[in-house]
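Below you'll find the structure, written out as C-alpha cells, and then a few comments.
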Amino acid sequence: MWRRKHLLDLRSLSREELVHVLDTAEGFKEISQRSVKKAPALRGKVVVNLFFEDSTRTRNSFTLAASRLSADVLEFTAKGSSVSKGETLRDTARNLEALGIDIVVIRHSASGAPHLLSQCIDCSVVNAGDGQHEHPTQGLLDIFTIRERRGQVEGLKVAIVGDIAHSRVARSNIWGLHTLGAEVYLVGPPTLMPAAAEKLPVQAVCHDFDAIIGEMDALNMLRIQFERTEAAGFPSVREYTRLFGLTVERMKRAKPDVLVMHPGPINRGLELESEVADGPNSTILQQVSNGVAVRMAVLFLVNQGAAQAGRGRPRRS
Amino acid sequence: MSERLWIRNGRVIDPASGRDAVGDVWVQEGKIAAAGQVGGAAAREIDATGLIVAPGLIDMHVHLREPGDEEEETIASGAAAALAGGFASVVCMPNTDPTIDNEATVDFVYRQGAAARQANVFAAGAITKGRAGQELAEMGQMVRGGAVAFTDDGAGVQSPAVLLRALRYARMFDKAILQHCQDEALAGSGVVNSGYWATVLGLPGMNALAEELMLYRDIQLARQAQGRYHAQHLSTRGSVEIVRQAKAEGARVTAEATPHHLLLTEESCQTYDANYKTNPPLRSSGDVEALRAGVADGTIDCLVTDHAPHLRNEKELEFLYAPFGIIALECAVGLYVKALIEPGVIDWARLMALLTVNPARVCGLAKGTLAAGADADITLIDPARRWRVEAGRFRSKSRNCPYDGWELAGRAVATIVGGEVRFQLQGD
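As you go down the protein sequences, you meet chains H and D in turn. Sequential numbering from 347 applies to the first sequence in the working numbering. Sequential numbering from 2 applies to the second sequence in the working numbering.
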C-alpha cells in the first residue's frame with residue numbers, strides 16, 4: 347500500500363496511495379481531539395524542519411504533527427538560499443544527517459530542492475513546498491477537507507482561482523484531485539496561467555469566473571502575491587478583485603453549499619471579501635486543523651516506508 | 002615535425018574535394034603529400050583498414066575557461082579533451098574572465114594553445130567590450146592577434162543598432178559574427194524550455210520566441226550590412242525554418258547545432274539533474290526532429306559541442322541556481338553517430354563535412370581538407386567501435402556530462418595534428 351520513503355510530490359502518487367494517506371490522516375485526526383494529544387508512533391525519531399523560506403503556519407503545523415507522534419523536532423532556519431549562505435544544500439543536509447535524524451521536512455524557494463535532497467541523504471524527505479513546483483501536504487489537506495465535507499472527491503468540480511503559473515499549491519491540487527477523479531477548472535487571467543496549462547490534467551482553463559462559478563462544488567482561492575511586481579500578471583489590485591475576487595456579490599451565483607477554500611494567509615478584500623472568508627461556506631480554519639492530521643499521516647507513512655526500504659540493508663554511516 | 006606517415010588502406014573521406022574512397026594518405030613535413038611524391042627514409046605506417054580517414058575534425062564552439070576559471074578547464078586540458086575526441090582544432094569562446102576582447106588576451110590564448118601542443122586552439126574575440134553589448138571591441142587589433150570570428154556567446158547582442166554596426170565593421174576583415182540568439186527580456190529568468198515540463202516542474206521557462214525573434218531580426222540586419230552572420234546552437238523548430246527560408250532567399254547565413262539539442266529533450270530535466278541545464282535549453286522532441294531535418298537538408302552547416310565545463314559542486318546545486326552547460330568533446334563523434342548516422346539522417350561523408358570543411362569556411366581556417374599541401378591534421382575514426390562513455394576518465398577537468406554511462410558506436414582512434422600523432426586510443 348505505502349512503500350515510499352519520501353513525499354516529494356503528488357504527481358507520482360497513485361489513487362490507492364492518496365486514499366491511504368487520507369484514511370491514515372482520518373485516524374490521526376481523532377488524536378488531535380483528545381485531551382492528551384499524543385501517540386507514540388514516532389517515539390525516538392528525529393524530525394528536522396529545514397526551512398529556507400519564511401513560513402509560520404506550515405512549520406507550526408509540521409512541528410505539532412511531529413510532536414503529537416512523540417518525535418523530537420529540530421528547528422532549522424536558514425535565511426535566504428543555500429547559495430547566499432555559502433553552504434550548499436547538500437552540505438547542510440549531510441551535516442544534519444550526521445546528527446542522526448530520520449525525517450527532513452524541507453521548504454525551499456527553488457523547485458526541485460527536495461528531489462536533490464532525497465538523492466544525497468539517506469533519511470526520509472518531505473516536501474513542505476518547493477519553489478513553484480509542489481506543496482504536497484497542502485494539496486493533501488485541501489483534498490482531505492473536501493472529502494470530509496462532501497464524503498467523496500470523485501465527480502466533484504473544483505475551481506482553482508488565481509496565480510496558477512507561480513503556485514505550488516495549485517500544482518499539488520491539480521495532480522491529487524485529478525488522480526482521485528475530480529474535475530479541475532483553472533481560473534485566472536491568461537497572464538497568470540503557466541505556459542502549458544491546457545496540457546495539465548484539467549477540465550478547462552477559464553478566464554471568466556462568473557461563467558463557471560455556478561457549477562463548482564469547491565472554490566480554492568489562491569493567495570495573490572503583491573510582491574511579484576517584476577512581471578505583474580495583472581494591471582492593478584482593483585482590477586484583479588473585480589474579475590477574480592470572491593465577493594459577496596459573486597457568491598450569489600455559486601451553489602449554496604459551495605466550499606470556499608484558501609491556503610492562507612488570506613489577503614482580505616483582495617482574493618476574498620471578509621464576509622466570504624468568515625462565512626458559512628468557508629473551510630479555511632478547518633483546513634488548518636486538518637493540516638496537522640494530514641502531516642501526522644505523512645510523517646508516519648514515510649517513516650514506515652523508510653523502515654521497509656531499509657530492512658536488511660545496513661545504514662550508511 | 003618531419004616524421005613521414007603512411008596511412009594505409011582507410012576509407013578516405015575528404016568532403017572538401019569530394020573524395021570518398023578506400024586508399025592511402027601520405028604526410029611529409031607536417032603537410033599532406035600527394036601520392037608518389039614521398040621520398041627519403043621509410044615512413045611510419047598506420048594501418049587504417051576499416052577506419053575512416055578524415056581531415057582533422059574542427060569544433061568551432063567550445064569553452065576552455067582560461068583565463069579566469071582554470072579550476073573548471075584550462076586551454077591545455079580542454080585542448081587535450083578535444084584531441085581525445087578526434088578534434089584537431091577548436092575555436093574557443095571569449096566569455097572568460099577577463100573577456101577575450103583585445104589583442105593581448107587573443108595572443109594569450111594562442112600562446113597557451115601552442116605551449117599545450119594538443120589540438121590547435123583558435124580564438125574567437127568578443128563583439129563588444131566586456132561582452133556588455135554596448136561598444137564594439139577592437140576587432141582589427143584582435144584579427145591581427147589571430148581572432149577567427151567574433152561573438153558575445155553566453156549572451157546575444159541585444160541592441161539591433163550595435164549588432165548592425167558589428168556586422169558592417171567585421172566585413173572589413175571578412176570575419177563572421179557568431180550570435181547566441183536570445184532576447185533577454187523575453188527569455189527572462191528561464192532555466193528550461195517554456196512548455197509542459199517547465200509547468201510541471203515549476204521552473205521558469207524560456208520562450209522559443211526569445212531565440213527565433215532575435216535570429217529573424219539578425220538575418221535582416223546581416224542582409225542590410227552584407228555581413229557574414231552565423232547563428233549559434235539552434236534549438237527550435239522555428240529557428241531551423243527561419244534559417245532555411247533565409248538561405249533559400251540567398252542570405253549569407255550559416256548555422257550550427259549541438260549534440261544535446263539533437264539528442265535530448267526537456268523531459269530529461271524531470272529529475273532536476275542540473276547536468277541537463279543548458280542555454281539554450283533542451284526543447285521538445287518536435288524540435289529535435291526539426292533540427293535533424295535541418296542537418297539533413299543543409300540548413301545547419303556545422304556541428305559543435307558547446308563544450309561548457311563546470312565544477313561538480315556547482316552542478317550539484319539546486320537546478321535553479323546551477324550554471325548552464327554540458328561537456329561533450331570526448332564523446333562527440335559517438336553522439337553524432339547516434340543522432341544522425343544511426344537513424345539515417347545523413348551519411349558519414351556528410352557528417353565529416355559538418356565537422357571539417359564547413360566550420361573551416363565559417364571561421365576562415367586553412368584547415369579541414371586532405372588536399373595535397375594542406376596542414377596534415379587528420380582524424381582516424383573507427384565507425385564500428387562500440388564503447389561506453391566514462392566521464393570519470395575524461396581529460397577535461399570537469400565532469401558535467403549527461404552522457405556518462407551511455408553506450409555509443411563510433412569513436413576517434415587517432416588524432417594527427419601537423420603531421421604529429423598526438424592522440425592514439427590505447428587498448429580499450
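Cβ coordinates follow ideal geometry from the N, Cα and C atoms, glycine included. Computed from a predicted model, the values in this text were never measured in an experiment.
Which two residues bound the contiguous beta strand (DSSP E) that contains residue i?
i, result
"A256(D)", "V254 to A258"
"L565(H)", "A564 to M567"
"Y230(D)", "R229 to A232"
"C364(D)", "It is not in any beta strand (DSSP E) - C364(D) instead sits in the alpha helix (DSSP H) that spans V358 to C364."
"A1(D)", "This structure does not reach residue 1(D), given that chain D is present from 2 up to 429, and the question cannot be answered."
"R453(H)", "I449 to H454"
"R423(D)", "E421 to Q425"
"F397(H)", "V392 to F397"
"G389(H)", "According to the sequence provided, residue 389(H) is Arg. The question's Gly does not apply to it. Counting along the chain, R389(H) falls outside any beta strand (DSSP E), and DSSP gives it neither H nor E."
Under 7 Å Cβ-Cβ, which residues of chain D neighbour residue i?
i, result
"Q478(H)", "G203"
"P540(H)", "T200"
"G458(H)", "L202, Y273, E319 and F320"
"L665(H)", "Any property of residue 665(H) remains undetermined from this structure, which presents chain H solely from 347 to 663."
Would residue i and residue j qualify as a contact pair, given that the criterion is a beta-carbon distance under 7 Å?
i, j, result
"G458(H)", "R514(H)", "no"
"A256(D)", "D302(D)", "yes"
"P16(D)", "L371(D)", "no"
"L222(D)", "L164(D)", "yes"
"V548(H)", "A528(H)", "no"
"G87(D)", "V334(D)", "yes"
"L538(H)", "G579(H)", "yes"
"A291(D)", "R238(D)", "yes"
"I101(D)", "G79(D)", "no"
"V13(D)", "G24(D)", "yes"
"T266(D)", "H234(D)", "no"
"V296(D)", "V346(D)", "yes"
"F646(H)", "A387(H)", "yes"
"E124(D)", "A148(D)", "Contrary to the premise, residue 124(D) reads as Ala rather than Glu in this sequence. In this structure, A148(D) lies closer than 7 Å to A124(D) by Cβ."
"F434(D)", "L6(D)", "Any property of residue 434(D) remains undetermined from this structure, which presents chain D solely from 2 to 429."
"I558(H)", "C552(H)", "yes"
"M607(H)", "R414(H)", "no"
"V193(D)", "F174(D)", "no"
"V644(H)", "V472(H)", "yes"
"S378(H)", "A652(H)", "no"
"A177(D)", "R229(D)", "yes"
"T491(H)", "Q650(H)", "no"
Specify, as a first and last residue, the run of the alpha helix (DSSP H) that residue i falls within.
i, result
"S464(H)", "A459 to C466"
"F374(H)", "R361 to S378"
"Q180(D)", "Q180(D) -> not in any alpha helix (DSSP H); beta strand (DSSP E) instead, spanning A177 to Q180."
"K248(D)", "R238 to A249"
"G295(D)", "S286 to A297"
"L336(D)", "A333 to Y337"
"I520(H)", "R514 to T525"
"E104(D)", "E104 to A117"
"E436(H)", "The question names Glu, but residue 436(H) in the sequence shown is Arg. Looking at the DSSP string, the run of the alpha helix (DSSP H) that includes R436(H) is L435 to A444."
"I489(H)", "P482 to R496"
Using 6 Å as the cut-off, classify the Cβ of residue i as near or not near the heavy atoms of the ligand HEM, replying yes or no.
i, result
"Q478(H)", "Among the components modelled here there is no ligand, and therefore nothing to report on the ligand HEM."
Which chain H residues sit within Cβ distance under 9 Å of residue i?
i, result
"S399(D)", "The premise fails here: S399(D) is roughly 17 Å from chain H at the closest Cβ pair, so nothing lies under 9 Å."
Strictly below 7 Å CB to CB, what residues from chain H border residue i?
i, result
"S197(D)", "The amino acid occupying residue 197(D) in the given sequence is Tyr; Ser does not appear at that position. By Cβ distance, chain H contributes A542 and K545."
"G206(D)", "A541"
Name the chain D residues that come within less than 8 Å of residue i, Cβ to Cβ?
i, result
"R569(H)", "Residues of chain D passing the Cβ test: none, with the nearest at roughly 16 Å."
"R357(H)", "V201"
Inset, instruction - Give the residues from the region 499-525 of chain H that approach chain D closer than 7 Å (Cβ to any Cβ), ordered along the chain. - result: Result list: R514 and R517.
Legend entry - chain D contacts from the region 545-561 of chain H (Cβ-Cβ distance under 8 Å): Answer set for the region 545-561 of chain H: K545 and L546.
Inset, instruction - Anything in the region 2-19 of chain D with a Cβ closer than 7 Å to a Cβ of chain H? List those residues in chain order, please. - result: Of all residues in the region 2-19 of chain D, none is placed with a Cβ closer than 7 Å to any Cβ belonging to chain H.
Legend entry - Residues, ordered as in the chain, of the region 374-403 of chain H that lie near chain D by beta-carbon distance below 9 Å: Residues of the region 374-403 of chain H with a Cβ closer than 9 Å to any Cβ of chain D: none.
Inset, instruction - Determine which residues of the region 434-448 of chain H have a Cβ less than 8 Å from any Cβ of chain D, and write them out in chain order. - result: Within the region 434-448 of chain H, T434, L435 and R436 place their CB atoms closer than 8 Å to a CB of chain D, listed in sequence order.
Legend entry - Interfacial residues, the region 111-130 of chain D to chain H, with Cβ spacing under 9 Å: Taken residue by residue, none of the region 111-130 of chain D has a beta-carbon sitting less than 9 Å from a beta-carbon on chain H.
Legend entry - Members of the region 300-314 of chain D that neighbour chain H once the beta carbon cut-off is set at 7 Å: From the region 300-314 of chain D, only N314 have a Cβ closer than 7 Å to chain H.
Legend entry - Within the region 7-78 of chain D, ranges of the beta strand (DSSP E) (whole runs, at least 3 residues): The region 7-78 of chain D contains these whole beta strand (DSSP E) runs: 20-29, 32-34, 45-48, 53-56 and 58-63.
Inset, instruction - Just list the alpha helix (DSSP H) runs in the region 362-396 of chain D, keeping only unbroken ones of 4 residues or longer that don't cross its boundaries, in chain order. - result: Those alpha helix (DSSP H) runs which fall completely within the region 362-396 of chain D and span 4+ residues do not exist here.
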